[in-house]
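Colleague: Sharing a structure below in structure tokens format, with a few things to ask.
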Ligand SMILES: Nc1ncnc2c1ncn2[C@@H]1O[C@H](COP(=O)(O)OP(=O)(O)OP(=O)(O)O)[C@@H](O)[C@H]1O
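Numbering (the UniProt record's numbering), first residue to last: 1 to 634.
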């Protein structure tokens, strides 16, 4: 209430009256409202109950009597947000209609309907003395609205069903007011006792961008007031958006001028880089390809012209099966391997997860395999190096625990798949390219030495490194020594402090991503609601359907669509305000009690309706539409 009263007292008193009922003469109404004290609030005005084809009133004046943009004495007046929805046929004079001159006296109480008033789907009994507790307009379709899409305690629960529209599609018995927490939280914005009208005049400048389900779910990092928030704040942050977009682009990018054959279930093969040699001692080419089995993109490493026997093929299958069980967030997951003749040779293909837009550590930091950075390359920052140390230790722990050895811990084989995020790649490859004759323990010791070499290649032994890092380098074996008691488990103890720090950082990132995800969840709700409204409005097959006629129970849906998307200001300039759109759609989705005023494009028909009633209407129309659909398909 306080919010709205403040609006009335400090900015405007609002008056609009559009009258369809013949007994009402607008000129008299103006005079009456001119005498309204400046402190009057709408609820105390006792305006009549508003009905379709009945009377709509509001008032406009300045608190101190100073004339503002709209004033009863203004020569012209156009309801700023009411009328106006696109199709102005003739440029209407934005002023009081000439009909206003013959308006009947305004009688706020004890209204009697005009005998000649056309009957509508709303009965004339609706014209009763104003009751501040009564709903202003009752749709014949509007049922008590069940909270399909909103649960005060668990907002996600609405989306657990398989039907993407289920939250809009069904109707269950009424439950407590769905928007109760919102109303409570925003009591100042939605005073229940004002019988609506708060949003009758949409004015972007005083519209508080709400709140419905856009409440920040993490501590504010920047101190921004509600009115300082921009449309951008409601969507995914730019850095994250760009990163995800780059990954999508990398996944979808193909080079049609370099056609590749389909191999097995894989098509759209796209080479990621020229043929490489290092690391395995065999040339290999890396592709990404889409699997027809599940539509996902995979990474295919091809070893061309490899003569393999039946025994080799079996060995590849067994090795891949073993490695496919190593599921660790710092190891590229291996799926399977097979041979193919599609490249006109005998190639071996190893299939692993594809991590779009990733590079190797060597590429990212311009390092070479000779344990020194290229000229001008500074090596890897120590802060980042610690992250790498913890992640590699995590990967080695998982691999060694499975009775395997990585064998390819090398700067040209460790992938940087995200910021500060690495994965060991190609681990299984040497197992079949160079079947080990050594013991597993030797191979695992060799992994620790490779680990050290990796760090040295990254510049860990350079100047200005901390003693902590130096001691880690000292701990990791440089040469093979029997019984040195150096295992990955012991190494993990050495770096326990850094592990805890990394764990904390990872939880922080997790929190941030969760909060972004929840925001996107809300945005997806809005998209679904918009989709639904567009499914329902202006369907050509409903042109002759009485339910969709201007008097029918669905008539308000196009009007609401106009109110949301086709609003114009007092000068009839389009109001392009994302905040308005999101605010309206969220209120509709929740179905709050707040009322808005909708107008037909010819401005002859005005109705005040609550979001709750509109939502019920949408529900009903949607259910009808689905039933038409199922009828036609049977
Ligand atoms: N699983 C994967 N997902 C996404 N990209 C990958 C994957 N594996 C490799 N790549 C990319 O393919 C390119 C070639 O990888 P590769 O392992 O052959 O590295 P390289 O530096 O060429 O080493 P080499 O000379 O030994 O072949 C690299 O840019 C790497 O980022």
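C-beta atoms are modelled at their ideal positions from N, C-alpha and C, and glycine is treated no differently.
Relative to the C-alpha of residue 450, which candidate in 393, 596, 483 and 357 has its C-alpha closest?
Modeller: 393
Colleague: State yes or no: is the C-beta of residue 360 within less than 9 Å of the C-beta of residue 411?
Modeller: Yes, the pair counts as a contact, with Cβ atoms nearer than the cut-off.
Colleague: At a cut of 8 Å, does the segment 387-405 reach the segment 423-443 through at least three beta carbon pairs?
Modeller: yes
Colleague: Exposed or buried, which one is residue 573 when buried takes at least 16 other CB atoms within 10 Å?
Modeller: exposed
Colleague: Can you give me the start and stop residues for the beta strand (DSSP E) that residue 299 sits inside?
Modeller: 297-303
Colleague: Could you check if residue 525 is buried or exposed, using at least 16 other CB atoms within 10 Å of its CB as the buried criterion?
Modeller: buried
Colleague: Do residue 343 and residue 261 have their C-beta atoms within less than 9 Å of each other?
Modeller: yes
Colleague: Using the Cβ count rule (16 or more neighbours within 10 Å means buried), how would you classify residue 580?
Modeller: buried
Colleague: In this structure, how does DSSP classify residue 592 when only helix, strand and coil are distinguished?
Modeller: coil
Colleague: Does any heavy atom of ligand 1 sit closer than 8 Å to the C-beta of residue 355?
Modeller: yes
Colleague: Note down, in chain order, each residue of its chain lying with its Cβ closer than 6 Å to the Cβ of residue 40, except the 5 sequence neighbours on either side.
Modeller: Residue placement at residue 40 is flagged as unreliable, the pLDDT there being 37, under the threshold of 50; the coordinate-derived value follows with that caveat. Cβ neighbours of residue 40 beyond the five flanking positions: none.
Colleague: DSSP on residue 321, reduced to helix/strand/coil?
Modeller: helix
Colleague: Rounded to a whole number of angstroms, what is the C-alpha to C-alpha distance between residue 306 and residue 256?
Modeller: The alpha-carbon atoms of residue 306 and residue 256 are separated by roughly 27 Å.
Colleague: Return the bridge partner residues of residue 291 from the DSSP annotation.
Modeller: 266
Colleague: Considering only heavy atoms of ligand 3, does any lie closer than 8 Å to the CB of residue 252?
Modeller: Only ligand 1 can be found as ligands here, which leaves ligand 3 out of the picture.
Colleague: State the CB to CB distance for the pair residue 607 and residue 556, rounded to an integer number of angstroms; the pair is presumed to be in contact (CB under 8 Å).
Modeller: 7 Å
Colleague: Whole angstroms are fine: how far does the CA of residue 327 sit from the CA of residue 576?
Modeller: 49 Å
Colleague: Short check: CB of residue 486 to CB of residue 521, under 9 Å?
Modeller: Inclusion of residue 486 and residue 521 in the CB contact set at 9 Å is not warranted, their separation being larger than that value.
Colleague: Per DSSP, what are the beta-bridge partners of residue 349 in this structure?
Modeller: As DSSP reads the structure, residue 349 sits in a beta bridge with 302 and 338.
Colleague: Give me whichever residues DSSP pairs with residue 271 in a beta bridge.
Modeller: 287
Colleague: Does ligand 1 have a heavy atom nearer than 8 Å to the CB of residue 359?
Modeller: yes
Colleague: Please check the pair residue 267 and residue 250, which I expect to be a contact at CB under 8 Å, by giving their CB distance rounded to whole angstroms.
Modeller: Rounded, the Cβ-Cβ distance is 18 Å, inconsistent with contact.
Colleague: Of all the options 418, 310 and 406, which has the alpha carbon lying nearest to the alpha carbon of residue 356?
Modeller: 418 is the residue among 418, 310 and 406 whose C-alpha sits nearest the C-alpha of residue 356.
Colleague: Shorter than 8 Å, the distance from the beta carbon of residue 288 to the closest heavy atom of ligand 1, or not?
Modeller: yes
Colleague: Between the alpha carbons of residue 505 and residue 332, how many angstroms are there, rounded?
Modeller: 22 Å
Colleague: For a quick check, are the C-beta atoms of residue 598 and residue 625 less than 9 Å apart?
Modeller: no
Colleague: Work out the CA separation of residue 388 and residue 346 for me, nearest whole Å.
Modeller: 37 Å
Colleague: Hey, out of 538, 539 and 588, whose CA is closest to residue 528's CA?
Modeller: 588
Colleague: Should residue 464 go down as buried or exposed, given a rule of 16 or more other Cβ atoms within 10 Å for buried?
Modeller: exposed
Colleague: To the nearest angstrom, how far is it from the Cα of residue 314 to the Cα of residue 304?
Modeller: 18 Å
Colleague: Where does residue 418 sit, in a helix, a strand or coil, going by DSSP?
Modeller: Reduced to three states, the DSSP call for residue 418 is strand.
Colleague: Could you check the C-alpha separation between residue 271 and residue 497 for me, to the nearest Å?
Modeller: Distance between the alpha carbons of residue 271 and residue 497 is about 41 Å.
Colleague: Just to confirm the assignment, what range does the alpha helix (DSSP H) spanning residue 384 have?
Modeller: 382-401
Colleague: Would you say residue 524 reaches chain D, if we count a Cβ-Cβ gap shorter than 9 Å as a contact?
Modeller: Structure shown: chain D not included; a single protein chain is present.
Colleague: Do you know offhand how far residue 234's Cα is from residue 502's?
Modeller: Taking the CA atoms as reference points, residue 234 sits about 29 Å from residue 502.
Colleague: Ligand 1 and residue 332: does the residue's C-beta get closer than 8 Å to at least one heavy atom of that ligand?
Modeller: yes
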